[in-house]
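In terms of the numbering used here, the sequence shown opens at residue 252 and continues consecutively.
What follows is a short report on a single structure.
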Amino acid sequence: MRWLVTGAGGMLGHDMVDELRRRGEEVTGLDRTALDITTAEAVEGAFAEHRPDIVVNCAAYTAVDDAESDEERALRINGDGPRLLARAAAERGARLVHISTDYVFPGDARTSPYPEDHPPAPRTAYGRTKLAGEQAVLRELPGAGVVVRTAWLYGVHGRSFVRTMAELEARRDTVDVVDDQRGQPTWSADVAEGIADLGPRVGRDASGVLHATSSGEATWYELAREVFAHLGADPDRVCPVSSAAFPRPAPRPAYSALAHGRWQRLGLPPLRDWRTALHEAIPRIRKESPA
C-alpha cells in the first residue's frame, strides 16, 4: 500500500512519515514547499506522480490567534485544501485521513468528553476553517474519507507547550500557567501510530469522524507541573492563573476533551494515558533541537 503524507514538515506529519517507515510501508512525505494543497494543479500532480492508495493530510494553518485577522488564508489551507485532496482521491480511488481539531466544538464548561457526533459549534476563525475542511472531506469522499480529530499535541519536532515548559524551567524561578482550560495532552507520535493502525481499514469498516487523543485529562497547569516533575524540578514552581491573565485574540476552550467511542468500537488500540506518554516523550524532546 502506497501512503502519501501532506504537511510532512510539521510535528504530526514528521511523526507520521517516521512511523510508516518504521513499519516498512511505502510512504512519501511532502512538506508545504513540495506541495501546496490549495492549488488544484499541484494536488493533481502529486496524485499522478505518487499514485497513493491512502493520503494522510497533516497540512494545516494552525496559528489560532492569527486566523482571527486572516480567516481567508486559513480557510484556503484548512477548507479548500482538504476539499481538493478529497476530490483528487475520489477521482483516483484513493482513501483519505484528514486531521482535524477539538476547536470545532464550542469548548464550554462540560463534565464529560465530546462524542464524535456532538454538533460542532466553533467559536474561533480557526475552528470554523477546520470544520469547513471536515465537511468537505466527508462530502467529497463518502465512505473512503475519515476525519481524525486530535488535540493538545506536543512532539519532538517543532514548538509545543511541553518544550516551552522545559525551556522555561531552566530559565525562570516560577512560571504562571492557566488552570481553567482542560483537555487531553497528546503526544504526536502516539497519534501517528494510531493512524497507521487505522489506515488499512479506511474505506472498509472505518469512515466518518474519529477522535484520537490520549487517555486522561489535565489543565495546562497540571501538565506543566508534570513536566517540571519529570525534569526533577519542584512542580510548586508552577503557579496557577486564570485565562484572563493571558488575553488572546481567539478564545480558548474551557473544556475540550474528546470521547473515543468510535475508535474503541473499531477495536483500535487506545492511545495511552497522557502521563505515561509524557514520561517517554520528555527525554526525546530535550534531546532534539527545535525544528
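Where a beta carbon is used, it is the ideal one built from N, C-alpha and C, also for glycine.
Quick caveat, the model's predicted, so the values are computed rather than measured.
Three-state secondary structure assigned by DSSP to residue i
i	result
W254	strand
V348	strand
T470	strand
V315	coil
P491	strand
D485	coil
G454	coil
G330	helix
R503	coil
G296	helix
Per-residue burial, residue i [other beta carbons within 10 Å of its own, 16 or more giving buried]
i	result
T470	buried
F500	It is worth fixing the name first, because residue 500 is Pro in this sequence and not Phe. So P500 counts as exposed.
G345	It is worth fixing the name first, because residue 345 is Ala in this sequence and not Gly. A345 comes out buried.
D359	exposed
R476	buried
D520	According to the sequence shown, residue 520 is Pro rather than Asp. Exposed, because fewer than 16 other Cβ atoms sit within 10 Å of the Cβ of P520.
W525	buried
T380	buried
P370	exposed
G454	buried
E539	exposed
G445	buried
Close Cβ partners of residue i (< 8 Å) along its chain, the five nearest in sequence each way excluded
i	result
P541	Annotation note: pLDDT 48 at P541 (below 50); position unreliable, no value reported.
N447	The sequence given here places Ala at residue 447; Asn does not occur at that position. Result list for A447: M267, E270, L271, R274, E276, in chain order.
S493	V429, D430, D431
W254	L271, E276, E277, V278, T279, P303, D304, I305, V306, V307, G450
R283	G258, G260, A310
Element boundaries [beta strand (DSSP E), containing residue i]
i	result
H462	459-462
D427	426-429
Cβ-based neighbour list, residue i, same chain, cut-off 6 Å, excluding 5 preceding and 5 following
i	result
A532	W438
R327	T289
E319	A376, P500, A501
Check: residue i C-beta below 7 Å from any heavy atom of the ligand ADP
i	result
T464	The ligand ADP is not among the ligands present in this structure, which contains no ligands whatsoever.
Delimiting residues of the alpha helix (DSSP H) encompassing residue i
i	result
I446	439-449
I536	525-538
Contacts around residue i, its chain only, beta-carbon distance under 7 Å, and the 5 residues preceding and following it disregarded
i	result
A366	Here the sequence assigns Pro to residue 366, which means Ala is not the residue at that position. So the qualifying residues of the chain are A510, G512.
* 4-residue-minimum alpha helix (DSSP H) runs that sit fully inside the segment 346-417, ordered along the chain -> 376-391
* To do: Note down, one range per segment and in chain order, each beta strand (DSSP E) of at least 3 residues found wholly within the segment 261-294.
  => 277-281
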